[in-house]
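Engineer: For the sequence shown, my numbering begins at 53 and goes up steadily by one. Shown below is the structure under consideration.
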Amino acid sequence: MHTTSVSPVFIGRTTELDVLTSALARAEAGAPQALVIGGEAGVGKTRLLEEFLSVAEAAQAVTALGACLEIGADGLPYASVVGALRSLHRRLGPELEQAALGHEEELARLLPDLGEVGREAAEESGRGRLFELTVDLLEKLSEHRTIVLAIEDLHWAGRSTRDLLSFLFRSVQRGRLLVVATYRADDIHRRHPLRPFLAELERLRAVERIDLPRFTRDEVERQLSGILRATPEHSFVSQVYQRSEGNAFFVEELACSIGSGCGVGISDSLRDLLLVRVEALPEEAQRVVRVAAEGGSSVEYPLLAAVAQLPEDDLIEALRAAVGASILLPTADGDGYRFRHALVREAVGDDLLPGERSRLNRRYAEALEAQPGLVRKDERVTRLASYWYYANDADKAVPAVLAAAFSARRRSAYGEQLALLERAMELWESVSEETREGLRYRDGAAEVYPPCGCYSDSEDSRLRYLDMLAEATVAARRGGSRDRAYTLPKRALRLIDATEDPLRAAWFWTQRSRAVVSLRRGDGRAELLKARALVDGLPPSAVQADVLSRFAAWEMLYQATEEGVRTAEEAVRLARQVGAREVELHARITLAVLHSHLEPAERALQELDEVIAEAKTSHDPDLLARAYTNISSVMESVGLSARSAEVARSGAAVAEQHGLARDSGAFIVGNLVEALISTGEWDEAEKQSARGRDWARAENTLGSLATHDAELALLRGDLARAEEFLERSWENLGRKYLEPQQAIPMADLVVRISRRTGRFAQARATALESIEAGFPPGTERYAWPLLFHAAQAEADSIGLPDAEPGRADVLARIHAAADGLRVTAPVWQAWAYMAEAELTRAGGHSDAALWCRAVAALEPLERPYQLATARFRQAEALVGAGDREGAQEPLSQAAQCAERLGAAHLRREIALLAERARILLGPREPRAAEPPSQDGGLGLTRRESEVLRLVAAGRSNRQIAEELFISPKTASVHVSNILAKLGVGGRGEAAALAHRLGLFVPHGTTHTASA
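In structure tokens, the structure reads:
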């Protein structure tokens, strides 16, 4: 019987191939696509992918394939993406180099062919910048051609590869690009690192999932026909189908083992089945296969030859036998060999004896040390570390693993760096003292960590276990492993004698503080206090400056004080003294913002301008982005909204230019949105918010943008969307340990939404909770609106029985909180006037003079919505005082502004007041008879509908008359007509009917309100 190992006919998979080709068509039309194919080992993922890539090539697409390597945690950073980009580089050459122009040093972290890696990133955003540049590169390359990027074996992908692919799936917005990846589903156990990645993909609508099933019996029969080149017997098909259970690879192995006349026949174990063809090889070929199995997913021929130690002719014959038996295959680049299927490699590797495995790894390591050119330069240190580790030689392994960790760090592959460092720490106790003596710390990895700064003699500059913990802590934080970033400093602090080594202890406490905040387990202050106590009185150092800078930054965010200013000043002084330039500039940003919190903003703005000028020459885009973030925020805080928007646009452009759009850039866009809301450019604000959401990855940024979206929806009058966005804010920001700049605006939104929906008790409780928490200096921009809206809720709930108890105390507490806030910025003074006028209204009397004063304060400012609100209230107060003529102009101006802004709710309230007061807001046709209102078909006129609304709210005839500017007698007549039309016996029944039919938005008030 003649057999081939693979059926020459592509069997089945019609549905799956249709899904892939449809995605290809959409990509060709300019809509980027992403698909993930899952299936058990051997089910045919690779064959399906090969078939699809052939289809894509026939359609003139450029295809590039990369595979994740099986060395996992030892892994080559971004191995699969590097392979795919190398393939693209080979095919596109100068075009790819042109697309990468200007960013070669950073993209070299992914594609070493572009040159040497540039300056190491100082913060975790460096990895984000690399990812962003990768997206930009692929978008440029796919602008005028279709590119298919295929990634195999995601189950072996390292952390950095998973993170990059996740970013790619979420971020590609344009281009004719299709990304397809495969993974082995049966390997994904509950704790497998790919599981969270797959769960994230489930939430991405842009990623399509294909689950590849096993073959049916008919498909197995067709596969066997192709392999055997003849129609198989029915019993044989049944036997193979039963034993293979439709797994395509097992079908091949069963067919070949029987067809070759192997004595094993249909094996009783999977391992035996996979080894059948290996054991049928000549002895030397079996030996070469065992050597290749330990070399990696693929092995270069020169390296294989060095380790196999066979005469070249014998080696070639052995390889020819292994290739002829479809056990090994030449690699795509023709430089080496790989196993036809990973299952065979695993079976061969598992069959090695323990001593045999370590001996082979030692030979690989020795060969690579003797001839480093046997493998690619960018793979050398990582593979050497893996070989020495599995050779069980700690003295050789630890230096190699540390070198690989350093290389991973240089490439922003922090997940792999962390895994390698943990491996080095695992082996540390097995390392000889002589080897330890020769290890030195690679300075600069752990930011301002002090190994070289606090010891003067060379003996003490050697590497310590704590130094590896410090490196691992930073790698965990930068790589997004927040739990490890929390536990590693804890382990270090247990090992440190703080009295003997206070700087290291202080450094780890600052890292602990950052991790606590990241995990929302606290605000980080307690940890910073410990760090500060440890550095007090020590000689100047970068650690001491950094601790003080971070403590001052905490004060800037949570509780600005003069002590915080002095702390920031001391941080600047120390940083300058020890030459810690980055720490100095960050401390100066903090100092400037603290100044803005405690005094007029002019000085702070000048200081921030100076930092921006210096940061532009520092080659530190993170620092520059932070400066833009804070200067635009300070401008918005004091009412310079147009300037804030201009600066935020510049900052977002700078962030995008440096590959930080999806990091700092998204946060700066949030500042832009806030400024545009203030200036009344709501359509542009919505556009920019959508841009920010496309960019944003950090939870804080997403939460901030959702808060702005809730504000916009509320201003537009869309309560349902406002509540939806507010819930998103909670989801992203959490409900505990919020910074005041997060907590107060969110509380303000709760107060406003609750007031608009008639939940006055909730509005009151939320406002009082915020007042109780206090408004630190620097939060005036948030506190004044909250107090105004709290007073507004109290005014709107007048007359509701449940709201009357405690009102006087609530108003007194709002007054007291207002008395404690600064009014040094004109916009704060305007808010103060509005709050005072609203508090007077909440006391039962709306004073037109107070509203007039608020209007005068708002007119020179960039706050059109607040100005319209104040004019509306001024007109309402004038109408209440009987001056309808005087109300005409402010009410018309408010109406025009509300119309222009699209402030639907305010527009309705203005129209209602104009209707009640018989004020014409503009030229109108002569009044016709009142049309029936939208009253559920009850036949009420519009006026009767208004009266019924007030009856439902519990108003008396006199209160109705006052509200609608009619006489009590007229009100009584309307009530009588309503009762007759409704066929009810009294006011209570009428109110109950109105509520039951849902005729009115339940806000429980007759006072008009604005958002």
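Don't be surprised by glycine CBs; every beta carbon is placed ideally from N, CA and C. Owing to the predicted nature of the structure, the values given are computational and were not obtained by experimental measurement.
(1) Expressed to the nearest angstrom, what Euclidean distance is found between the alpha-carbon atoms of F301 and E336?
(2) Out of L426, F1017, A419 and A455, which has the shortest C-alpha to C-alpha gap to T434?
(3) What's the C-alpha gap between S106 and L128?
(4) Taking buried to mean at least 16 other C-beta atoms within 10 Å of its own C-beta, is E888 buried or exposed?
(5) Please check the pair A632 and L660, which I expect to be a contact at CB under 8 angstroms, by giving their CB distance rounded to whole angstroms.
(6) What is the rounded straight-line gap between the Cα of W559 and the Cα of L325?
(7) Could you check if V1101 is buried or exposed, using at least 16 other CB atoms within 10 Å of its CB as the buried criterion?
(8) Can you say whether S287 is buried or exposed, counting buried as having 16 or more other CB atoms within 10 angstroms of its CB?
(9) What separation, rounded to the nearest whole angstrom, lies between the Cα atoms of C504 and R566?
(10) Would G703 and T681 qualify as a contact pair, given that the criterion is a beta-carbon distance under 8 angstroms?
(11) On the CB-based measure, 16 or more other CB atoms within 10 Å of its CB, does D1107 come out buried or exposed?
(12) Would you tell me roughly how many angstroms separate the C-alpha atoms of S30 and F603, rounded to the nearest one?
(13) Rounded to whole angstroms, what is the Cα-Cα separation between S132 and P541?
(14) Throw me the rounded Cβ distance for the A373 and P406 pair, which I believe falls under 8 angstroms.
(15) Just the C-alpha distance for A765 and Y834, rounded to the nearest angstrom, thanks.
(16) State the CB to CB distance for the pair A927 and P942, rounded to an integer number of angstroms; the pair is presumed to be in contact (CB under 8 angstroms).
(17) What would DSSP say about Y493, mapped onto helix, strand or coil?
(18) Entirely within the stretch 872 to 954 and at least 4 residues each: give me those alpha helix (DSSP H) ranges in chain order.
(19) Go ahead and pull the three-state DSSP assignment for I199.
(20) Enumerate in chain order the residues of its own chain whose CB-to-CB distance from V359 is below 6 angstroms, with the five nearest sequence positions on each side excluded.
(21) Kindly indicate the opening and closing residues of the alpha helix (DSSP H) around S484.
(22) State the DSSP-derived secondary structure class of L590, mapped to helix, strand or coil.
(23) What first and last residue would you give for the beta strand (DSSP E) that runs through G347?
(24) Name the DSSP bridge partner or partners of A86?
(25) Thinking just about the alpha-carbon of each residue, which of E708, I379, V272 and A909 is nearest to the one in V340?
(26) List the whole-angstrom C-beta distance separating Y610 from D575, where the pair is believed to meet the contact cut-off of C-beta under 8 angstroms.
(27) From what residue to what residue does the beta strand (DSSP E) around Y389 run?
(28) Could you name the residues of the same chain whose beta carbon sits closer than 6 angstroms to that of R261, not counting the 5 residues immediately before and after it, in chain order?
(29) Alpha carbon to alpha carbon, what distance is there between A966 and S944?
(30) Which whole-angstrom value is the C-beta distance of A77 and L201, which I expect to be below 8 angstroms?
(31) Whose C-beta lies closer than 6 angstroms to the C-beta of R780 among residues of the same chain, with five residues either side of it excluded?
(32) Which class does R514 belong to by DSSP, given the choice of helix, strand or coil?
(33) Can you tell me whether E408 is helix, strand or coil according to DSSP?
(34) Distance, Cα to Cα, R142 vs E80?
(35) Quick one, which of Q629, G64 and S716 has its alpha-carbon nearest L276's?
(36) For P541, name the three-state secondary structure that DSSP assigns.
Structural biologist: To lay it out plainly:
(1) As a first step, residue 301 must be located in the sequence shown, where it is residue number 249. As a first step, residue 336 must be located in the sequence shown, where it is residue number 284. So the alpha carbons of these two residues sit roughly 26 angstroms apart.
(2) Here residue 434 corresponds to residue number 382 of the sequence shown, with the count starting at 1. Checked all of L426, F1017, A419 and A455; the closest Cα to T434 is A455.
(3) What you label residue 106 is simply residue 54 of the sequence shown in a count that begins at 1. What you label residue 128 is simply residue 76 of the sequence shown in a count that begins at 1. Approximately 28 angstroms between the Cα atoms of the pair.
(4) Position 836 of the sequence shown, counted from the start, is the residue given in the question as residue 888. So E888 counts as buried.
(5) Here the question's residue 632 lines up with position 580 in the sequence shown. Here the question's residue 660 lines up with position 608 in the sequence shown. At roughly 20 angstroms, the Cβ-Cβ gap does not stay under 8 angstroms, so A632 and L660 are not in contact.
(6) Walking along the sequence shown from the start, residue 559 turns up at place 507. Walking along the sequence shown from the start, residue 325 turns up at place 273. W559 and L325: Cα-Cα distance of roughly 56 angstroms.
(7) In the structure as shown, the chain starts at 53 and stops at 1063, and residue 1101 therefore has no counterpart that could be examined.
(8) Taking the sequence shown and counting its residues from 1, one reaches residue 287 at position 235. Exposed.
(9) Residue numbering aside, residue 504 sits at position 452 when the sequence shown is read from its first letter. Residue numbering aside, residue 566 sits at position 514 when the sequence shown is read from its first letter. Unreliable positioning characterises C504 in this predicted model, as indicated by a pLDDT of 48, which lies under 50. The coordinate reading is nonetheless provided below. If you take the alpha carbons of C504 and R566, they lie about 23 angstroms apart.
(10) Start at 1 with the first residue of the sequence shown, and residue 703 comes out as number 651. Start at 1 with the first residue of the sequence shown, and residue 681 comes out as number 629. Result yes, Cβ atoms of G703 and T681 sit closer than 8 angstroms.
(11) An answer regarding residue 1107 cannot be provided, because it is not within the stretch 53 to 1063 covered by the chain.
(12) Outside the shown range of the chain (53 to 1063) lies residue 30, about which nothing can therefore be said.
(13) As a first step, residue 132 is located in the sequence shown; it is residue number 80 there, counting from the start. As a first step, residue 541 is located in the sequence shown; it is residue number 489 there, counting from the start. So the alpha carbons of these two residues sit roughly 32 angstroms apart.
(14) In the sequence shown, residue 373 corresponds to position 321, counting from 1. In the sequence shown, residue 406 corresponds to position 354, counting from 1. A373 to P406, Cβ: 27 angstroms. No contact.
(15) By one-based count along the sequence shown, residue 765 stands at place 713. By one-based count along the sequence shown, residue 834 stands at place 782. Each residue's alpha carbon lies about 18 angstroms from the other.
(16) Here residue 927 is taken as the residue at index 875 of the sequence shown, counted from 1. Here residue 942 is taken as the residue at index 890 of the sequence shown, counted from 1. About 5 angstroms; that satisfies the 8 angstroms criterion.
(17) Working through the sequence shown from its first residue, we reach residue 493 at position 441. Coil.
(18) 878 to 894, 900 to 910, 916 to 932 and 936 to 953
(19) For the purposes of this step, residue 199 is taken as the residue at position 147 of the sequence shown. Strand at I199.
(20) Against the sequence shown, residue 359 aligns to sequence position 307. Excluding residues within five positions, the ones whose Cβ falls inside 6 angstroms are V343, R415, Y416 and A419.
(21) Residue mapping note: residue 484 aligns to position 432 of the sequence shown, counting from 1. Run containing S484: none; DSSP gives neither H nor E here.
(22) Translated into the one-based positions of the sequence shown, residue 590 becomes position 538. The answer is coil: DSSP assigns L590 none of H, G, I, E or B.
(23) Residue mapping note: residue 347 aligns to position 295 of the sequence shown, counting from 1. From DSSP, G347 is part of no beta strand (DSSP E) but of the alpha helix (DSSP H) over E335 to G347.
(24) The residue you call residue 86 lines up with position 34 of the sequence shown. Under the DSSP definition of a beta bridge, A86 partners with V231 and V259.
(25) Your numbering for residue 340 matches position 288 in the sequence shown. Looking at the Cα atoms, I379 is the closest of the given residues.
(26) As a first step, residue 610 is located in the sequence shown; it is residue number 558 there, counting from the start. As a first step, residue 575 is located in the sequence shown; it is residue number 523 there, counting from the start. Yes, Y610 and D575 are in contact; Cβ-Cβ is about 6 angstroms, under 8 angstroms.
(27) Residue numbering aside, residue 389 sits at position 337 when the sequence shown is read from its first letter. First-last of the beta strand (DSSP E) with Y389: G388 to F391.
(28) Start at 1 with the first residue of the sequence shown, and residue 261 comes out as number 209. Excluding sequence neighbours, R261 sits near V88.
(29) Indexing the sequence shown from 1 puts residue 944 at position 892. Indexing the sequence shown from 1 puts residue 966 at position 914. Approximately 9 angstroms between the Cα atoms of the pair.
(30) Position 25 of the sequence shown, counted from the start, is the residue given in the question as residue 77. Position 149 of the sequence shown, counted from the start, is the residue given in the question as residue 201. With 8 angstroms as the limit, A77 and L201 do not qualify as a contact, their Cβ atoms being about 17 angstroms apart.
(31) Position 728 of the sequence shown, counting from 1, holds the residue named residue 780. Result list for R780: A758, in chain order.
(32) On the sequence shown, position 462 is the one that residue 514 refers to. In the structure shown, R514 sits in a strand (DSSP, three-state: E or B).
(33) Against the sequence shown, residue 408 aligns to sequence position 356. Residue state, collapsed to three classes: helix.
(34) Residue numbering aside, residue 142 sits at position 90 when the sequence shown is read from its first letter. Residue numbering aside, residue 80 sits at position 28 when the sequence shown is read from its first letter. Approximately 22 angstroms between the Cα atoms of the pair.
(35) As a first step, residue 276 is located in the sequence shown; it is residue number 224 there, counting from the start. If we check each option's Cα against that of L276, G64 comes out closest.
(36) Working through the sequence shown from its first residue, we reach residue 541 at position 489. In the structure shown, P541 adopts helical secondary structure according to DSSP, grouped into three states.
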